[in-house]
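Trainee: To start, I am sharing the structure in question, which I have written as C-alpha cells.
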Amino acid sequence: MRQGEFVRDPGGFWRVQPGDTIYSIALATGTTVERLLELNPTVNPENLVIGSVLSLPLHPGLPQGPVPQCESGIYWVVSPGDTLYLIAKEVGTTVEALLRLNPSIDPLNLQPGQSICLPLG
Numbered sequence: 005m006r007q008g009e010f011v012r013d014p015g016g017f018w019r020v021q022p023g024d025t026i027y028s029i030a031l032a033t034g035t036t037v038e039r040l041l042e043l044n045p046t047v048n049p050e051n052l053v054i055g056s057v058l059s060l061p062l063h064p065g066l067p068q069g070p071v072p073q074c075e076s077g078i079y080w081v082v083s084p085g086d087t088l089y090l091i092a093k094e095v096g097t098t099v100e101a102l103l104r105l106n107p108s109i110d111p112l113n114l115q116p117g118q119s120i121c122l123p124l125g
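Count along the sequence shown starting at 1, add 4, and that's the number in this note's numbering.
In C-alpha cells, the structure reads:
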C-alpha cells in the first residue's frame with residue numbers, strides 16, 4: 005500500500021507521508037533509490053521529513069522485471085498512473101493491439117517499471 009502522494013506534473017513530485025521510506029517511494033514511482041538521491045541531494049534517506057517534497061524523475065527509469073519478447077523491439081516502460089488506454093492513445097494504437105502483443109499482462113494491474121511491447125509504426 006502506497007503511503008505517499010504522487011502528483012503527475014512536469015518533473016513530478018512526492019509529498020512524504022508517515023511510513024514512507026526512500027525505498028518505498030522509489031518502488032511506488034518506478035525509479036531507483038539512487039536516482040531519487042541524485043535528484044534530491046539534500047535529503048537524508050535515513051530521516052525523511054514528513055510533509056517535505058521530493059523531486060521525481062520525469063522519466064522514471066529502467067524497466068523492472070522480465071522484458072517480454074517483442075518483434076518490434078520497441079517498449080513502453082509503465083509509469084505510475086499509466087493505463088493501456090493512455091499508452092495506446094499516446095503511441096497511436098489500440099488497447100486490443102497492445103493486448104495481442106502482450107498476452108501475459110494484466111491490464112487492470114499494470115506495475116511501474118513493467119515493460120510493454122509496442123507495435124511498429
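Don't be surprised by glycine CBs; every beta carbon is placed ideally from N, CA and C. Just so we're clear, the structure is a prediction, and the values are computed from it rather than from any experiment.
1. Cβ of Ser108 within 8 Å of Cβ of Tyr79?
2. Ser28 lies in the beta strand (DSSP E); which residues open and close that run?
3. Who are the Cβ neighbours of Leu88 in its own chain at under 6 Å, not counting the five residues just before and after it?
4. Since Ile120 is in the beta strand (DSSP E), which residue starts that stretch and which ends it?
5. Return yes when the Cβ of Ile26 is within less than 8 Å of the Cβ of Thr43, no when it is not.
6. Buried or exposed: which applies to Ile29, given that a residue is buried once 16 or more other Cβ atoms fall within 10 Å of its Cβ?
7. Residues in its own chain within less than 7 Å of Asp86 by CB, not counting five upstream and five downstream?
8. So the beta strand (DSSP E) Val58 belongs to, where does it begin and stop?
9. Exposed or buried, which one is Asn106 when buried takes at least 16 other CB atoms within 10 Å?
10. What's the gap between the Cα of Pro49 and the Cα of Val82?
Mentor: Working from what's here:
1. Against the sequence shown, residue 108 aligns to sequence position 104. Against the sequence shown, residue 79 aligns to sequence position 75. Cβ atoms of Ser108 and Tyr79: not closer than 8 Å.
2. To locate residue 28, count along the sequence shown from 1; it is residue 24. That residue, Ser28, is in no beta strand (DSSP E); its alpha helix (DSSP H) goes Ile26 to Thr33.
3. Position 84 of the sequence shown holds residue 88. Counting only Cβ-Cβ distances below 6 Å, and skipping sequence neighbours, we find Val99, Leu102 and Pro111.
4. Within the sequence shown, residue 120 is the residue found at index 116, counting from 1. Run containing Ile120: Ser119 to Cys121, per the beta strand (DSSP E) assignment.
5. The count along the sequence shown starts at 1 and reaches residue 43 at position 39. The count along the sequence shown starts at 1 and reaches residue 26 at position 22. For clarity, residue 43 is Leu in the given sequence; the question names Thr instead. In this structure, Ile26 does not lie closer than 8 Å to Leu43 by Cβ.
6. Sequence index remark: in the sequence shown, residue 29 carries index 25 (1-based). Ile29 should be labelled buried.
7. Position 82 of the sequence shown, counted from the first residue, corresponds to residue 86. So the list reads Leu114, once near-sequence residues are dropped.
8. The residue given as residue 58 occupies position 54 in the sequence shown. The amino acid at residue 58 is misidentified as Val; the sequence shows Leu. That run of the beta strand (DSSP E) goes Val57 to Ser59.
9. Here residue 106 corresponds to residue number 102 of the sequence shown, with the count starting at 1. So Asn106 counts as buried.
10. Taking the sequence shown and counting its residues from 1, the one referred to as residue 49 is at position 45. Taking the sequence shown and counting its residues from 1, the one referred to as residue 82 is at position 78. One C-alpha to the other measures close to 25 Å.
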